[in-house]
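Undergrad: In the numbering used here, the protein residues as written are 6 to 379.
Below is the structure:
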């Protein structure tokens, strides 16, 4: 099978969508398929599977959907895309975030093969789909197959673009996030480590986690909270909060950590905590922790509840509830056997989300579409 994978985002910047495409490509090639990635990428950029990438456009930072996306903007992109597709004979053209301007839209309108779209996003304020609904609905029939990465993402997109969608989740690298990952020597001093991984922004819920730690401060004398993630504006506020609460000796701010070092932080943890207040379409950080054999305390939001069963691989608590969060943490802090039991169950579940398993689901979907349109 000859497959085209289209990324709207700069392929020299690793991120959720780019990583997703890279892992699919790797597995498809391993299985003997021909794969070409079409993506914006500056010359000399760090690319995955460089020989398989066809660069198109010059990526620029553009405000899009409440964030800054590195996408190309040029009136020549439709022409360039048409030329690229004319020189290929794809069986499947797989567009990621298919209605993101301008590359994916150009590919969708120029393609003459079976088109598949994966919708990754989930937002509390779906302004993009609301504004583009009349045009998007006109283009939607050109997608022969539609994938969302989670139930929240499905509900988000189908509210504005009704249709038949297949839920195929994101995957995790279970060879990278595993029981064999090394531990951090600086945290191997016998203390019980609670780990937070995420951007230091309000919706990630770190403030509630700090308040929860303050409520059980007397039980934290042999424990520490390790905070991993970028963010400077709120970090100063959180550091002041830690000082005011008398938690300075129990909290460590690590800052940004390269992705290849993340497994060592998960392996150094005894408990992983994800206190986000919402806006998460998928619990990727939960699965990374579970793959490393760690029990999880997380908020009961859709993106997290879809991968974590309460009382099995960890504990779910109401969002924005520091008291319930404190109680759940205390349950695990005081019970090593429970931590080990939940961690073992998490490792088993995480295997279901390995990239070979996820890639197989995508390939099976391709085959079903080809058979139905033969």
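Quick reminder that beta carbons are idealized off the backbone N, C-alpha and C, glycines included.
Bear in mind that the values here come from a model prediction, so they are computed numbers and not experimental data.
Could you have a look at residue 278 and say whether DSSP puts it in helix, strand or coil?
TA: As a working note, residue 278 is residue 273 in the chain shown. Residue state, collapsed to three classes: strand.
Undergrad: Rounded to the nearest angstrom, what separates residue 208 and residue 242 at their Cα positions?
TA: As a position in the chain shown, residue 208 is number 203, starting the count at 1. As a position in the chain shown, residue 242 is number 237, starting the count at 1. Their backbone Cα atoms lie some 15 Å apart in a straight line.
Undergrad: What distance in whole Å lies between the Cβ atoms of residue 62 and residue 108, which are believed to be in contact at a cut-off of 8 Å?
TA: Taking the first residue of the chain shown as 1, we reach residue 108 at position 103. Taking the first residue of the chain shown as 1, we reach residue 62 at position 57. Yes, they are in contact, since the Cβ atoms of residue 108 and residue 62 sit about 6 Å apart, within 8 Å.
Undergrad: For the beta strand (DSSP E) that residue 196 lies in, which residues bound it at each end?
TA: Numbered from 1 along the chain shown, position 191 holds the residue referred to as residue 196. Unbroken run through residue 196: none, as it is neither H nor E.
Undergrad: Please report how far the alpha carbon of residue 16 lies from the alpha carbon of residue 324, in whole angstroms.
TA: The residue given as residue 16 occupies position 11 in the chain shown. The residue given as residue 324 occupies position 319 in the chain shown. The straight-line gap from Cα to Cα measures roughly 34 Å.
Undergrad: Report the CB separation of residue 327 from residue 216 in whole angstroms; it is logged as a contact under 8 Å.
TA: Position 322 of the chain shown holds residue 327. Position 211 of the chain shown holds residue 216. That belief holds up - the Cβ atoms of residue 327 and residue 216 are roughly 4 Å apart, short of 8 Å.
Undergrad: Mind checking which residues open and close the alpha helix (DSSP H) that includes residue 90?
TA: In the chain shown, residue 90 corresponds to position 85, counting from 1. That run of the alpha helix (DSSP H) goes 82 to 91.
Undergrad: Pull up the distance between the alpha-carbon of residue 375 and that of residue 214, whole angstroms please.
TA: Reading the chain shown from its first residue, position 370 is the one you call residue 375. Reading the chain shown from its first residue, position 209 is the one you call residue 214. Each residue's Cα considered, the two are about 48 Å apart.
Undergrad: Does DSSP put residue 143 in a helix, a strand or coil?
TA: Along the chain shown, one-based indexing puts residue 143 at 138. In this structure, residue 143 counts as helix in the three-state DSSP scheme.
Undergrad: Return the chain-ordered list of same chain residues with a C-beta closer than 7 Å to the C-beta of residue 358, the five sequence neighbours on each side being excluded.
TA: As a position in the chain shown, residue 358 is number 353, starting the count at 1. 174, 176, 177, 292, listed in sequence order.
Undergrad: From the DSSP secondary-structure annotation, give me the bridge partner or partners of residue 44.
TA: By 1-based counting over the chain shown, the position of residue 44 is 39. Residue 44 pairs with 60.
Undergrad: Nearest to residue 267 by CA position, among 289, 42, 379, is which residue?
TA: In the chain shown, counting from the first residue as 1, residue 267 sits at position 262. Sorting 289, 42, 379 by C-alpha distance to the C-alpha of residue 267 places 289 at the top.
Undergrad: In chain order, what residues of the same chain lie with their CB nearer than 7 Å to the CB of residue 258, ignoring the 5 residues before and after it?
TA: As a working mapping, residue 258 is identified with position 253 in the chain shown. Counting only residues of its own chain and dropping the five nearest sequence neighbours on each side, residue 258 has a CB closer than 7 Å to the CB of 232, 240, 244.
Undergrad: For residue 75 versus residue 18, is the C-beta spacing smaller than 8 Å?
TA: Here residue 75 is taken as the residue at index 70 of the chain shown, counted from 1. Here residue 18 is taken as the residue at index 13 of the chain shown, counted from 1. The answer is yes: Cβ separation under 8 Å.
Undergrad: Counting along the chain, where does the alpha helix (DSSP H) carrying residue 115 start and finish?
TA: Here residue 115 is taken as the residue at index 110 of the chain shown, counted from 1. Segment 108 to 115, the alpha helix (DSSP H) holding residue 115.
Undergrad: By the 10 Å Cβ neighbour count, where 16 or more other Cβ atoms means buried, how is residue 85 classified, buried or exposed?
TA: Position 80 of the chain shown, counted from the first residue, corresponds to residue 85. By the neighbour-count rule (16 or more Cβ atoms within 10 Å), residue 85 is buried.
Undergrad: What is the DSSP secondary structure of residue 14, counted as helix, strand or coil?
TA: Start at 1 with the first residue of the chain shown, and residue 14 comes out as number 9. It is coil, neither helix nor strand.
Undergrad: Based on the DSSP output, what are the partners of residue 75 in its beta bridges?
TA: Position 70 of the chain shown, counting from 1, holds the residue named residue 75. According to DSSP, residue 75 bridges with 66.
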